[in-house]
Each structure stands twice: as structure tokens, then as C-alpha cells.
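Asks: Same order as they appear, the protein sequences are chains P and S.
At position 416 of the first sequence the residue is numbered 419 (the numbering used here), and the sequence of numbers has no breaks.
At position 169 of the second sequence the residue is numbered 435 (the numbering used here), and the sequence of numbers has no breaks.
Virtual Cβ for every residue (Gly too), placed ideally from N, Cα, C.
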Amino acid sequence: MKRRGFFKTAAIAGVMMAAGIVGQAARAADTIKVGILHSLSGTMAISETTLKDTALMAIEEINAKGGVLGKKLEPVVVDPASNWPLFAEKARQLISQDKVAVVFGCWTSVSRKSVLPVFKELNSLLFYPVQYEGEELEKNVFYTGAAPNQQAIPAVEYLMGTEGGGAKRFVLLGTDYVYPRTTNKILRAFLHSKGIKDADIDEVYTPFGHSDYQTIVANIKKFSQGGKTAVISTINGDSNVPFYKELGNAGLKATDVPVVAFSVGEEELRGVDTKPLVGHLAAWNYFESVKAPENDAFIKKWKAYSLNKKLPNADKAVTNDPMEATYVGIYMWKAAVEKAKSTDTDKVIAAMAGQTFKAPSGFTLTMDKTNHHLHKPVYIGEIKADGQFNIVWKTKGPIRAQPWSPFIAGNESKQNM
Amino acid sequence: MCAWRAPLMLVVLCLAPLQAWSALDAGVIKLLGSETTEDRISAIGQLAVSPDPLAAAVLRGLGEDSIYRLEDGRLLIVNSDYAADAATGARVTPVPETKDQLIVNNRLRKVLESAQAGGKLVSPDRSVRLGAAGDLQTSAGPAQLLLLRDARGKETDTVIRGILDLAIASASLRSDSMQDRLSAVQFLGEHGGAPAKTMLNALALAPAGGGGTEAEVRLRTAAQGAIAAIDRRLARTELVGTALQGLSLASVLLLAALGLAITFGLMGIINMAHGELLMIGAYATYVVQSLFRQYLPGAFDWYVIAAIPVAFASSALVGMALERTVIHRLYGRPLETLLCTWGISLILMQTVRTIFGAQNVEVANPSWMSGGVTVMEGLVLPYNRICIVIFSLLVVALVWLLLNRTRLGLFVRGVTQNRWMADCVGVPTSRIDTLTFGLGSGIAGLGGVALSQIGNVGPDLGQSYIVDSFMVVVLGGVGQLAGTVIAALGLGELNKFLEPYAGAVLAKIAILVFIILFIQKRPQGLFALKGRSAEASS
Numbered sequence: 004m005k006r007r008g009f010f011k012t013a014a015i016a017g018v019m020m021a022a023g024i025v026g027q028a029a030r031a032a033d034t035i036k037v038g039i040l041h042s043l044s045g046t047m048a049i050s051e052t053t054l055k056d057t058a059l060m061a062i063e064e065i066n067a068k069g070g071v072l073g074k075k076l077e078p079v080v081v082d083p084a085s086n087w088p089l090f091a092e093k094a095r096q097l098i099s100q101d102k103v104a105v106v107f108g109c110w111t112s113v114s115r116k117s118v119l120p121v122f123k124e125l126n127s128l129l130f131y132p133v134q135y136e137g138e139e140l141e142k143n144v145f146y147t148g149a150a151p152n153q154q155a156i157p158a159v160e161y162l163m164g165t166e167g168g169g170a171k172r173f174v175l176l177g178t179d180y181v182y183p184r185t186t187n188k189i190l191r192a193f194l195h196s197k198g199i200k201d202a203d204i205d206e207v208y209t210p211f212g213h214s215d216y217q218t219i220v221a222n223i224k225k226f227s228q229g230g231k232t233a234v235i236s237t238i239n240g241d242s243n244v245p246f247y248k249e250l251g252n253a254g255l256k257a258t259d260v261p262v263v264a265f266s267v268g269e270e271e272l273r274g275v276d277t278k279p280l281v282g283h284l285a286a287w288n289y290f291e292s293v294k295a296p297e298n299d300a301f302i303k304k305w306k307a308y309s310l311n312k313k314l315p316n317a318d319k320a321v322t323n324d325p326m327e328a329t330y331v332g333i334y335m336w337k338a339a340v341e342k343a344k345s346t347d348t349d350k351v352i353a354a355m356a357g358q359t360f361k362a363p364s365g366f367t368l369t370m371d372k373t374n375h376h377l378h379k380p381v382y383i384g385e386i387k388a389d390g391q392f393n394i395v396w397k398t399k400g401p402i403r404a405q406p407w408s409p410f411i412a413g414n415e416s417k418q419n420m
Numbered sequence: 267m268c269a270w271r272a273p274l275m276l277v278v279l280c281l282a283p284l285q286a287w288s289a290l291d292a293g294v295i296k297l298l299g300s301e302t303t304e305d306r307i308s309a310i311g312q313l314a315v316s317p318d319p320l321a322a323a324v325l326r327g328l329g330e331d332s333i334y335r336l337e338d339g340r341l342l343i344v345n346s347d348y349a350a351d352a353a354t355g356a357r358v359t360p361v362p363e364t365k366d367q368l369i370v371n372n373r374l375r376k377v378l379e380s381a382q383a384g385g386k387l388v389s390p391d392r393s394v395r396l397g398a399a400g401d402l403q404t405s406a407g408p409a410q411l412l413l414l415r416d417a418r419g420k421e422t423d424t425v426i427r428g429i430l431d432l433a434i435a436s437a438s439l440r441s442d443s444m445q446d447r448l449s450a451v452q453f454l455g456e457h458g459g460a461p462a463k464t465m466l467n468a469l470a471l472a473p474a475g476g477g478g479t480e481a482e483v484r485l486r487t488a489a490q491g492a493i494a495a496i497d498r499r500l501a502r503t504e505l506v507g508t509a510l511q512g513l514s515l516a517s518v519l520l521l522a523a524l525g526l527a528i529t530f531g532l533m534g535i536i537n538m539a540h541g542e543l544l545m546i547g548a549y550a551t552y553v554v555q556s557l558f559r560q561y562l563p564g565a566f567d568w569y570v571i572a573a574i575p576v577a578f579a580s581s582a583l584v585g586m587a588l589e590r591t592v593i594h595r596l597y598g599r600p601l602e603t604l605l606c607t608w609g610i611s612l613i614l615m616q617t618v619r620t621i622f623g624a625q626n627v628e629v630a631n632p633s634w635m636s637g638g639v640t641v642m643e644g645l646v647l648p649y650n651r652i653c654i655v656i657f658s659l660l661v662v663a664l665v666w667l668l669l670n671r672t673r674l675g676l677f678v679r680g681v682t683q684n685r686w687m688a689d690c691v692g693v694p695t696s697r698i699d700t701l702t703f704g705l706g707s708g709i710a711g712l713g714g715v716a717l718s719q720i721g722n723v724g725p726d727l728g729q730s731y732i733v734d735s736f737m738v739v740v741l742g743g744v745g746q747l748a749g750t751v752i753a754a755l756g757l758g759e760l761n762k763f764l765e766p767y768a769g770a771v772l773a774k775i776a777i778l779v780f781i782i783l784f785i786q787k788r789p790q791g792l793f794a795l796k797g798r799s800a801e802a803s804s
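#1: Using a Cβ-Cβ cutoff of less than 8 Å, which residues in the same chain neighbour Glu480 of chain S once the five nearest sequence positions on both sides are dropped?
#2: Tell me the DSSP secondary structure of Ile235 of chain P in three-state form.
#3: Do Leu712 of chain S and Gly547 of chain S count as a contact pair if the criterion is CB distance below 8 Å?
#4: For Tyr205 of chain P, which of helix, strand or coil comes out of DSSP?
#5: Let me know the secondary structure DSSP gives His378 of chain P once reduced to three states.
#6: Arg619 of chain S CB to nearest chain P CB: under 8 Å?
#7: Taking a cut of 9 Å between CB atoms, which residues from the segment 49-63 of chain P lie near chain S?
#8: Can you tell me which of the three DSSP states Trp287 of chain P falls into?
#9: Does Phe166 of chain P come within less than 8 Å of chain S when only Cβ atoms are used?
#10: Going by CA-CA distance only, name the one from S:Ser389, S:Tyr334, S:Ala350 and S:Val771 that's closest to Thr364 of chain S.
#11: Using the three-state DSSP reduction, which class does Arg392 of chain S fall into: helix, strand or coil?
#12: Three Cβ pairs or more, each shorter than 8 Å: is that satisfied between the segment 288-301 of chain P and the segment 231-243 of chain P?
#13: For Leu431 of chain S, is the classification buried or exposed, using 16 other Cβ atoms within 10 angstroms of its Cβ as the cut-off for buried?
#14: State the Cα-Cα distance for the pair Leu659 of chain S and Leu669 of chain S, rounded to the nearest angstrom.
#15: Across which residues does DSSP place Ile35 of chain P in a beta bridge pair?
#16: Which residue from S:Thr303, S:Gln729, S:Phe784 and S:Gly743 puts its Cα closest to that of Trp396 of chain P?
#17: Residues in the same chain with beta-carbon distance under 6 Å from Gly413 of chain P, minus the five sequence neighbours each way, listed in chain order, please.
#18: Using a C-beta to C-beta distance shorter than 8 Å, which residues of chain S count as neighbours of Tyr208 of chain P?
#19: Taking Cβ-Cβ distances shorter than 7 Å, what residues in chain S pair up with Glu385 of chain P?
#20: When the Cα atoms are used, what is the spatial distance from Asn86 of chain P to Asn537 of chain S?
#21: Any Cβ of chain P within less than 8 Å of the Cβ of Lys365 of chain S?
#22: Is there a C-beta anywhere in chain P that falls below 8 Å from the one on Asn650 of chain S?
#23: For the putative contact between Ile654 of chain S and Gln719 of chain S, defined by C-beta atoms under 8 Å, what is the C-beta separation to the nearest angstrom?
#24: For Asp82 of chain P, is the classification buried or exposed, using 16 other Cβ atoms within 10 angstroms of its Cβ as the cut-off for buried?
#25: Nearest to Glu385 of chain P by alpha carbon, out of P:His378, P:Asn393 and P:Lys379?
#26: CA-CA distance, Phe784 of chain S and Gly791 of chain S?
#27: Under 7 Å Cβ-Cβ, which residues of chain P neighbour Gly623 of chain S?
#28: Leaving out five residues on either side along the sequence, give the residues of the same chain with a beta carbon under 8 Å from the beta carbon of Gly407 of chain S.
#29: Give the single residue among S:Gly299, S:Ser308 and S:Asp351 whose Cα lies nearest to the Cα of Ala323 of chain S.
#30: With DSSP collapsed to three states, give me the class of Gly680 of chain S.
#31: Could you tell me which uninterrupted beta strand (DSSP E) segments, each at least 3 residues in length, are contained entirely in the segment 313-380 of chain S, listed from first to last along the chain?
#32: What residue range does the alpha helix (DSSP H) around Tyr552 of chain S cover?
#33: Under a three-way DSSP split, which group does Pro648 of chain S fall into?
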């Protein structure tokens with residue numbers, strides 16, 4: 004009892020201190036602070052660094068046009084260094100100390116899962132810009148990336164069709180954490196529903212930062228002797244570079260064993276010689292090669308911004324799907340704040356429902372009224388020799404996300420918020 | 267739609283010669299420009315048998331993504347310096363602005379490859395012929411038999427002849443004659459590899475078309491027998507493959523650990539910044555690469571050679587500076603050394619991050635290190651791995667010579683075995699310490715060059731190798747170069763033989779457990795120093 008008493012006092016003291024800080028912050032607030040939570044170092048830096056820069060570019064653009072509600076946006080950038088517990092710590096720091104109104108951030112699902120409790124506890128707002136495994140729907144999060152039915156499932160359907168080569172066997176290859184494991188669980192259930200047996204599915208995982216893919220590539224070769232095989236890669240971060248290098252050197256061609264990746268875009272391919280990789284695939288909701296006036300403008304802005312800020316390799320700057328999703332997210336948040344006339348979390352959440360934005364992907368994207376996910380188009384692209392993608396398949400228009408995959412039992416009752 | 271386009275078309279039409287000396291059938295061009303893949307496949311089929319050189323140019327253009335469709339349905343071949351009408355071969359200037367690239371997906375590319383393979387089989391370039399023969403091995407049908415036999419007759423290279431024989435047999439599998447099919451199955455059973463197995467699988471399961479029921483059964487049993495024979499050969503190949511992969515991993519481990527074998531093994535310094543010395547070597551490679559790209563693009567392929575001394579020197583200099591300023595003051599205090607060098611590793615990482623950015627930098631393989639050599643049917647050894655194995659052997663030999671055949675090596679051994687006695691006979695121990703540490707660091711730099719060719723180069727590169735390096739040195743026995751070599755080899759092979767069964771994650775765990783148990787049993791490692799000096803230092 005005594006101990007509980009102590010905690011109570013401590014809690015009251017904490018609340019009073021917090022209240023004091025809020026008071027100070029309120030007096031000083033002629034800007035709206037916006038948190039940016041992306042790894043700028045470590046294994047995920049290859050993917051996340053550009054998202055930070057995209058967010059800064061969008062913020063600069065918004066400020067140049069007068070900001071939001073007459074106030075300038077002030078970005079607060081932190082580096083959680085690909086360290087998952089550090090994500091939670093940094094998120095708490097952004098919300099409690101820096102008093103940001105919203106956070107744009109995270110790439111890996113494990114980092115998102117790590118910050119979720121913080122956002123729920125402090126009732127703040129996270130915009131998550133990357134495709135992910137679904138099986139989650141949080142009031143405090145808006146998912147501007149794809150759910151499995153907007154990326155993984157169409158990609159596998161394509162591979163099984165005539166155009167994709169009519170694959171009969173599948174290697175599910177991923178980095179060992181929640182996103183690949185859950186995606187592969189959904190894909191396995193999906194493949195079962197299409198009559199593919201367990202013997203024709205090979206599930207392989209590697210640790211983060213794995214760099215020796217000799218055995219795995221040799222095993223893929225061996226597995227492909229049993230029939231037309233496709234590889235579904237959910238490898239994340241810089242492991243993709245050694246994987247694709249090994250694939251190219253081992254002479255495994257896309258016409259024989261196509262590899263479709265869900266976390267490899269134009270940015271990740273910058274570090275790889277793409278000539279041996281021609282024809283391998285990626286599924287996204289946006290490619291730099293999408294032909295649309297909005298996309299041309301987006302690419303032009305990004306190239307100019309990279310050169311202007313002297314980002315590394317600015318002369319070869321490329322755009323990719325999570326960058327587009329970050330960009331869309333920031334503009335949707337701005338529109339929602341303007342509609343709600345406040346940055347209050349609950350009011351913004353209510354105002355987000357049904358927001359639309361003319362996105363670089365060439366479509367007007369809509370935030371679903373209930374499930375916090377965007378309606379997005381799906382593109383499947385084949386890698387070209389110059390590191391860009393040839394779009395070989397696309398949906399007619401944006402499709403609605405199903406965060407709770409219908410292929411996993413027990414999800415039928417969980418469609419909406 | 268656009269007013270300017272009509273006059274432009276007029277200009278284009280005027281420029282086209284009135285009498286085209288070679289022209290492709292308009293129907294073929296229309297099929298090729300169609301939206302459906304089936305139409306395009308049939309167009310490619312027609313182009314492949316056309317004797318017109320323009321047809322070959324169109325096929326080549328398709329493979330290079332350089333065929334474009336105009337709004338009026340005409341197709342253009344667009345190269346960097348000119349554009350030509352695909353139907354007539356006439357030059358088109360200026361190149362119209364609005365045009366769609368004709369996208370070739372994997373399915374079309376496969377058809378395209380086999381359509382072009384016929385022409386490539388007679389190419390004077392050996393590698394082109396080899397690639398074409400490989401393509402035909404899986405895709406050839408009875409229609410191409412004549413062409414294959416012809417090419418087989420003219421071929422002089424034994425490797426390509428072997429592949430062509432397999433391709434002929436594969437093509438005969440779909441022949442109408444029962445006897446042809448049966449002999450093809452037997453031939454594939456004796457000589458075929460993985461691609462042949464894929465085709466025989468289909469034959470063994472499904473009823474083979476044509477012929478009577480009895481013949482089918484005979485064929486199917488023959489196919490099953492052939493598959494079993496191929497499986498036996500593949501199992502052998504796999505064993506050799508795994509052993510070679512283990513060797514390659516071992517060479518990487520060895521290069522990463524060799525520097526540490528000197529600084530930790532011989533000198534007894536727990537150097538937590540060893541990984542960062544590897545990283546500095548890798549970044550030195552990157553810098554040399556950038557310099558070559560900028561100033562000597564013609565000699566770009568040889569930048570790796572130039573990077574070797576640069577990486578050695580930069581890592582050695584950093585190492586010597588560290589030794590002079592910090593480590594040298596901490597001899598005999600292992601705990602403080604550990605903490606200090608760990609701090610140094612953080613400083614080095616952050617410095618590199620500040621100079622080069624937190625993101626990985628791209629280090630490209632030179633062209634002679636890309637690709638691989640086929641050692642056995644179905645077993646490709648990548649050139650970069652082969653180079654690293656050779657490189658690691660060279661470095662080991664060099665270090666061994668340096669330690670055992672030079673005056674410096676004599677001093678190093680003297681100082682590590684009995685510092686006071688060496689001091690008494692006039693060896694400048696402090697300078698030898700600096701040089702030895704520099705040598706160990708420089709060799710770490712060489713390891714960095716090798717690592718840059720297979721993995722990522724980023725500020726965290728060292729972190730992923732430091733544990734492995736310590737593992738190798740401790741397992742091998744502190745103070746022993748031979749132990750380090752054997753331990754690297756053992757760990758590499760063990761890892762690769764475990765990985766197919768346990769997966770990459772479990773294999774790593776199993777190795778760590780094995781090392782813990784081994785060190786329990788034999789704390790001194792595989793090879794231990796014997797004699798007084800070892801007892802004195804422990």
C-alpha cells in the first residue's frame with residue numbers, strides 16, 4: 004500500500020510538471036511543431052533517410068505557401084538509429100518534451116509496434132508511410148502505405164497468371180521480424196486458397212543486416228528444379244544489396260526465377276548494379292516511372308530540393324513509393340488540420356476521414372472514412388537496366404485497404420474501427 | 267489534340283525515302299504494337315524467321331527497351347543518336363515528343379531470348395554463343411532442332427558443344443517420334459543437370475502425348491530413372507557447392523579477423539575499434555573508386571588494385587595514431603583498454619558519418635569481378651568470391667612471411683614473448699608496439715577492401731564483423747596465426763553446412779553455442795602457446 008502511495012504522489016507530481024510545461028509551450032506557440040522519426044543511421048538508413056528529407060521538403064513547401072492555420076510548421080528531426088526500443092524513447096521525447104502536434108515516421112513494422120503504446124498513452128498522432136502486413140488498426144495511426152491486399156496479394160496473383168510466368172512454387176524470403184512473418188502467414192493462407200501445397204512453399208528468414216546470401220541463392224536454384232518458381236522477397240534494409248549482388252553473380256535470371264520484392268524501390272537500387280537484375284519485380288502503389296503531370300511535378304521538386312540541399316548523390320536523386328506516401332500524408336494532415344481548425348488529436352482524426360489528395364501516383368487518393376488507410380492503386384514493375392521500373396501491370400483505379408486480411412481466420416468481424 | 271503534331275508528321279513523312287529498300291510487313295508491326303501479349307509473341311515469332319536485317323534490329327531494340335510507339339500506331343527504334351521507323355528503317359527526324367515505350371515483360375523477354383538465340387548461336391563471340399545455348403537448353407522445341415544440329419556441327423568449343431547436345435536432347439523430348447524421345451530421355455539422364463530435371467519431371471508425371479499407352483509407360487519409367495540419375499549428380503554438386511561456399515565465408519572471416527589476430531592475438535590488446543579499422547579500409551576503397559571514376563574512367567576496372575595499398579596505409583595510419591595517443595598509455599590494463607577502444611570505435615563511426623553521411627555508399631564490383639564461372643553443371647562460382655579467397659591466401663602468406671622471415675617480425679615475436687628481455691637486448695619495444703599495431707590495423711584495412719566487394723559499405727560495417735572476428739581469434743587460440751586460419755575455415759564450413767538445415771538465424775545461434783561449449787572445454791583455444799612465456803602472460 005505504501006508503495007502505491009508513492010507512485011500516486013509521483014504521478015501527481017509528474018502531471019503537475021507536465022501541465023507546467025504545457026503552459027509554457029502554449030505561450031511560445033507561434034509555430035506548429037511536427038516530429039520526424041526516421042532512422043538516419045544503422046541498417047534502415049538506406050531506406051529511411053530520404054523519407055526524412057521528403058518530409059522536410061513538404062514542410063518547406065507548405066511554409067512557403069503560408070503554413071497551416073496561419074502558423075509556420077517547425078520540423079523536429081530525431082534519429083532513432085534503426086534501434087527499435089529507441090524509437091519509443093524518441094517518440095516519447097517528441098510528444099512530451101518537444102510538444103509536436105503530429106509525428107511522421109517509422110519504416111519497419113517492429114519500430115511501429117514499438118512506438119504504438121506511446122502514441123496511445125499520450126493520445127498523439129502518427130503517420131506511417133510504408134506498406135506493411137496489416138493485422139492492426141489503431142486510432143492514433145494513419146497508414147498511408149499499402150495493406151497486403153494493396154500490394155502483396157496482387158503481386159502473387161500476377162506471378163501465378165500467364166503474364167507473370169505461371170509460378171507454381173514459391174520461396175517466401177524475408178528478414179526475421181514481424182512484417183515478413185505476418186505477410187508470409189497471409190501469403191501462405193492465400194496460396195493454400197489457390198491450391199498450392201505446403202511442399203511447394205519454402206519459407207526462409209535471415210537476420211537484419213545479413214550479408215551472406217550464397218546458401219539461400221543456391222537453395223532457391225535447387226527449389227526451382229521442382230517447377231516454375233517465384234521468389235517473394237520481404238527483405239528489408241541494406242541486406243537487399245548483397246542479396247541482389249549474389250543473385251546477379253549466380254546467374255539466376257528473371258525469366259527463369261522472378262523475384263518480386265515488397266521493400267525494394269528506386270532508392271534501394273541506387274546501391275546496386277541493376278544490369279543483371281533486369282526483369283525482377285517490385286510491387287508498389289507508386290513508381291517514379293508513372294506517367295502523370297502530378298508525378299512530373301513531384302520528381303522535379305524532389306530533384307531541385309536534393310540539389311539545393313546538397314543531399315548525397317543529388318545528381319542521381321530518385322523518388323519512390325514511401326516518399327510519395329510521406330508526401331501525401333503530410334498534405335492530408337494539413338488539410339485535416341485546416342478542416343478541424345485545430346491540431347487537437349481527436350479533432351484531426353475526425354477530420355481525416357474522407358480527405359482526398361491528387362497524388363503523384365496519378366490518382367486522387369482518398370482516406371477511408373473508417374479504417375485509417377488510403378485507397379491506393381497497385382502497380383507491378385520490372386527492374387530496368389537503369390534502376391527504374393517498367394510498369395507491367397496496374398489496377399484500374401485505387402482500391403480500398405483490408406488491414407485485416409480475409410485469408411486469416413477470425414478476421415471477418417474486424418473490418419473497421 | 268495538339269496542333270503542332272500534324273505539321274510534324276508531315277515533316278517526318280517527307281523525310282522518309284520514297285522507296286524503302288527493305289520493309290517489314292505492316293501486319294507484323296501492328297501485332298507488335300498491340301496491347302495483348304499473345305499478339306506480340308506471334309509478331310516476335312514472325313520477326314525471328316524473317317531474313318530482313320531490319321527484323322533483327324527490331325528484336326534487338328525490344329531487348330534494349332528502345333522501341334517506342336507513336337500515337338498513330340507506328341513504331342520507332344530510338345537510339346541515343348537517331349530514330350528510325352521500325353517498318354521501313356527510314357530515319358525519323360526530329361524525334362517526336364509524345365511516344366510510349368513498348369514494354370517487354372518477363373514472358374516476352376523469354377520468347378525474345380529464344381527467338382534471338384538462333385542468330386546468336388553463330389556469333390563470333392564465345393560468351394554470346396554460350397548464353398544463347400543456355401537459353402535454348404530450356405526453351406527449344408522440335409522446330410529449332412535443325413538449327414541446333416547445324417550450330418552443333420559448326421561449334422568448336424567443347425563446353426558449348428556439351429550444352430548444345432543437351433539442348434538438342436531437350437528439344438527432342440517434344441519430338442513426334444517415340445524413339446527420339448526415348449533416346450533423348452536416356453541422354454539427359456546421363457548428362458543432364460537441373461534444367462533437364464525440370465523438363466523430365468513434367469514427362470514423368472503427366473502422360474506424354476503421342477504414341478500408344480505402352481510406349482508412354484516405357485517413356486515414363488525411363489524418365490523416372492533419368493531423374494534419379496540426375497538427382498545423384500545434383501547431390502554431389504550440392505556437396506561441392508556447400509564446401510566452396512564455406513570456403514568463401516571462411517576467407518571473409520579470415521580477412522576480418524587476421525588484423526585482430528595480430529593486435530589482440532599477439533599484442534593482447536582488446537581492440538573494440540577493430541571493426542572500425544575494417545570500415546576505414548572499405549571507405550578508402552570507396553574514395554579510390556570515386557577518384558578513378560572522376561579522373562581515370564578508362565582504368566576504372568583496376569581501382570580495386572589501387573585501393574589495396576591506400577586502404578592498408580589509411581587504416582595503418584589511424585591505427586598507429588591510436589596506439590601512440592591512447593592505447594600505448596593503457597598497456598596492462600585490459601578493462602580500461604576495452605572501454606577506451608569502444609569509445610574510439612564510436613568516435614570513428616561518427617566521424618565517418620559526418621564526412622560521408624549516414625547512408626551506405628555504393629562500391630561497385632569492377633567488371634572482371636562481376637558474374638561467375640560455371641565449375642560444374644548447375645554450380646556457379648561468383649568471381650568476387652573467388653577473388654576474395656585468393657586475396658585472403660595472399661594476405662595470410664604475406665603476414666606469415668613478415669612475422670617469420672623479417673627483422674621486424676623477429677622483433678615483434680621477441681617483444682610479445684618476453685618484453686623485458688627484448689628491451690634489455692636493445693629492441694626498441696615502444697616503436698615495435700606502434701609498428702605491430704599499425705600492421706594489424708593495416709591488415710584490417712585490407713579486410714575492408716574485400717568486404718566492400720561483397721557487402722554494404724556504411725558507418726556500421728565494422729559492428730557486424732567485430733563479434734565474428736573475436737570469435738575466430740579466440741577459437742583459434744590467442745597468439746597463433748595458424749589457429750586463426752583453421753578457426754576461420756572451421757567456422758565458415760560449419761556455418762554453411764548447418765545453414766541449409768537450420769536456416770541462417772539458427773545456424774548463427776548454433777555456432778555461438780558451439781563456441782561457448784568449446785571454450786568451456788578448452789579455454790586456450792585450438793592451438794595454445796606452450797612454454798614459459800604463455801604461462802607468464804596468462
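Replies: Taking the structure as given:
#1: At Glu480 of chain S the pLDDT is 45, less than 50, meaning the model places this residue with poor confidence; the figure from the coordinates comes in the next sentence. Cβ neighbours of Glu480 of chain S beyond the five flanking positions: none.
#2: strand
#3: yes
#4: Going by the sequence as given, residue 205 of chain P is Asp instead of Tyr. If DSSP states are grouped into helix, strand and coil, Asp205 of chain P belongs with the strands.
#5: strand
#6: yes
#7: Ile49, Thr52 and Thr53
#8: strand
#9: The sequence shown places Glu at residue 166 of chain P, not Phe. Output row for Glu166 of chain P: interface = yes.
#10: S:Tyr334
#11: helix
#12: no
#13: For the record, residue 431 of chain S in the displayed sequence is Asp; it is not Leu. Buried is the call here.
#14: 15 Å
#15: P:Leu76
#16: S:Thr303
#17: none
#18: Gly769, Ala770 and Val771
#19: Asn371 and Asn372
#20: 24 Å
#21: no
#22: yes
#23: 7 Å
#24: buried
#25: P:Asn393
#26: 8 Å
#27: Pro315
#28: Ala437 and Arg440
#29: S:Asp351
#30: helix
#31: 333-335, 341-344 and 349-351
#32: His540 to Tyr561
#33: strand
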